[in-house]
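Position one of the sequence shown corresponds to residue 2 (my numbering), numbered consecutively onward.
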Amino acid sequence: MNYLKEDTIAALSTAAGKSAIAIIRLSGTISFEIINRIFKTYSKPEQQVKYGYIVDGTEKKDEVLCIFFKAPHTYTGENLVEIAVHGNPVIINEVLNLLYKNGARPAEPGEFTYRAFLNDKMDLAEAEAVCALITSKTEMSAKVALNNIAGEFSSKIKNINDALTNLIAFMEVNLDHPEEDIMFLSRDEKLSRLNSCINNVQNLLNFYKTSKILQQGIKVAIIGKPNAGKSSLLNAILGKNRAIVTDIAGTTTDTIEEIIDCRGIPLTIIDTAGIRDHTENSIEFLGQEKTKEIIGKADVLIWLFDASLGLDQNDKKIADFLKNSSLNIPIIGILNKSDLFSKLSLDIVSSTLHFPLLTFLFISAKTGTGISTLLDEIAKIAGTSESKNDCLMINSRHFILLQNALESLVKTKQILTAKDADEIACVEAVSAQTVLNEILGINVKQDILDTIFSTFCIGK
Ligand SMILES: Nc1nc2c(ncn2[C@@H]2O[C@H](COP(=O)(O)OP(=O)(O)O)[C@@H](O)[C@H]2O)c(=O)[nH]1
Ligand SMILES: [Mg+2]
C-alpha cells in the first residue's frame, strides 16, 4: 500500500448511495488551498462552519456546509475539511472529482486513521478499535470497542511498561555499580513488582474470549426432525415471521440465517431443514445435506424435540448422525410444544437416545414460553461475563503479543528466583517490553501496518 504522507487525500466518509447528507473528507497540507479554489462562501472568515456553494469555475455544483479543522487539533493531525453535501451519488462524484482535479488524490482504505496514527493522535490499538467500533454488531460490542478508543486498554499496557522500565532501571543499576552504595531493590521486591506485571498481563489476556465473542459473535443452529417447530422457534426468537411455518413436514428446504443481539452477543441463528429418514423430495434431500454442513460450522446446537409426540426413528437418526460426527460443541436439548400435553421428559430422551446434552429446556415456540431462558442459556454458554461493560477489545494480534510478553515475564521471574542474575533477567524483561510496545504500534513492521489499515473502509 502506498500511503504517501505528503499528499492531500479526499474520500467519501459516509455510506455510498442516496442519503439526506453525505460527508466528504479532505486532509493534508494543502487541503485549505484546494477547498478555497472550489468553495464560494459569504460566511465570516473566522467561522469554523461555513455555508456556501461548491463551484466549478462559475458553475454551482452543490449547496454545502464546510467545516474547517486546523492542524494539529484534528482527527488526522493535519488541516482537515469536512464537506457536508447533498447525499446524491452524482453530486458526491462531481465534488470528489473537483477535489482530485484541484490537487487531492483518492484516499486509500483507512488512510485518514493511518495519518492519525502517524501523527500521534492515536496509537495502533486505538486505531484498531476505530475499525472494530464501525463493524460492531451489538450495542455491547460497540461499548467494548469504545473503551479501547478512549485509551483504557492502551493505558493499561503503558502502565505495565512503565513498571517494567522502572524495574529494568533498578536491575541495570545493579549491573553498572555492583559495589557502590546506591539504592537497590531486594530480590523479593523485584519479584513482587514482576508478579504484579504478570498479573496485569494475565488480566488482559482474560478479556480475549469475551472480546472475540462480542466482536465476531457465535453461530447457533436449530436442528431437529421435521415439524418439531424449528422455524417457529426462529420466528419466536426474532419476534417476526421470517421462516415459513406449516404442519407439512419438509417445508424448510434451505437454511435461513439471521443475526440478533442476544444479551449483547451478536448471535447468528440458523434454521435448518429437518432431518428425517426417507426423503423422496430431492430439494429436501439437498437441504438436509446443507443442514449437516451447517452443524459442522456451528458453535452451539439447539436440538428440538416435539414434546407432544414420542421419540421416533427420525430423532434416533439425528442422534446417530451427531454421534458419528463426533462434534465437540455444546448441544442444548429442547422440548418444544410445552403448551400441549407432553409425552416426553428428560429421562425418556436420555434413556432412549443415550446422548450427552449440555442442558435441557421446555419451551413453546407458539406461546413464547421459555424463549428468554433459552437466550440466557446461550449467553451463559458463550461465557460472556456480567461485567461486559468493563471488557476491553483484545484482538488476535494483541492476544499473541500479550502471550509472548507473559512468556518473557515468566522467564524473567524464573531467572530472578533461581539466582538473582540481573543481566539475563534484564534481557527477558526488555523483550517483554518490546512486544507490549508493538501492541501500541511502536516499532511495528510496515507490512503489519498495511494489513491492519487495509481492512478499514475508505473514508475512515
Ligand atoms: N402447539 C404448538 N404448536 C407448535 C409449536 N411450535 C410449532 N408448532 C406447530 O408445529 C408445526 C411445525 O412447525 P414448524 O415451525 O414449521 O416446524 P419445523 O418443520 O421444525 O420448522 C406448525 O403447525 C406449527 O404451528 C408449539 O410450541 N406449540
Ligand atoms: Mg422449518
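The C-beta atom is built at its ideal place from N, Cα and C for all residues, glycine as well. In this text, all values refer to a predicted model and were calculated from it rather than measured experimentally.
Is any heavy atom in ligand 1 found nearer than 7 Å to the beta carbon of residue i?
i    : result
T256 : no
S28  : no
L302 : no
S365 : yes
V202 : no
K338 : yes
T247 : yes
A229 : yes
L312 : no
L341 : yes
G225 : yes
By how many angstroms is the C-alpha of residue j removed from the C-alpha of residue i?
i    : j    : result
D262 : I169 : 46 Å
G371 : S365 : 7 Å
L234 : D63  : 50 Å
N94  : E7   : 24 Å
V301 : N204 : 27 Å
I276 : K367 : 21 Å
K197 : I158 : Reading off the sequence shown, one finds Ser at residue 197, where the question assumed Lys. Whole-angstrom Cα-Cα distance: 13 Å.
V96  : D57  : 9 Å
A126 : N149 : 7 Å
T353 : L310 : 14 Å
S343 : K138 : 38 Å
S424 : M172 : The sequence given here has Glu at residue 424, not Ser. If you take the alpha carbons of E424 and M172, they lie about 8 Å apart.
L312 : Q216 : 39 Å
L403 : Y209 : 10 Å
V430 : L407 : The question names Val, but residue 430 is Ala in the sequence shown. Cα to Cα, the separation comes out at about 10 Å.
N337 : L376 : 15 Å
L341 : K241 : 22 Å
I270 : G334 : 16 Å
N228 : T435 : 59 Å
N167 : T413 : 15 Å
By DSSP's criteria, residue i is part of a beta bridge. Which residues make up the other side?
i    : result
N337 : D307
L362 : I335
S28  : I10, L81
D262 : P267
T42  : G53
Does any heavy atom of ligand 2 sit closer than 7 Å to the C-beta of residue i?
i    : result
D272 : yes
S232 : yes
A133 : no
A244 : yes
Please list the terminal residues of the continuous beta strand (DSSP E) segment that includes residue i.
i    : result
V472 : In the structure as shown, the chain begins at 2 and stops at 461. Residue 472 is therefore absent and cannot be evaluated.
E60  : 60–70
D272 : 266–272
V221 : 219–225
What are the boundary residues of the alpha helix (DSSP H) that residue i is part of?
i    : result
I245 : Note, I245: premise wrong, no alpha helix (DSSP H); not H, not E.
Would you mind listing the alpha helix (DSSP H) stretches within the region 372–433 that are 4+ residues and don't spill past its ends, in chain order?
Within the region 372–433, the complete alpha helix (DSSP H) segments at least 4 residues long are 372–383, 397–420, listed from N- to C-terminus.
Which runs of the beta strand (DSSP E) at least 3 residues long sit entirely within the region 87–154? Give them in chain order.
none
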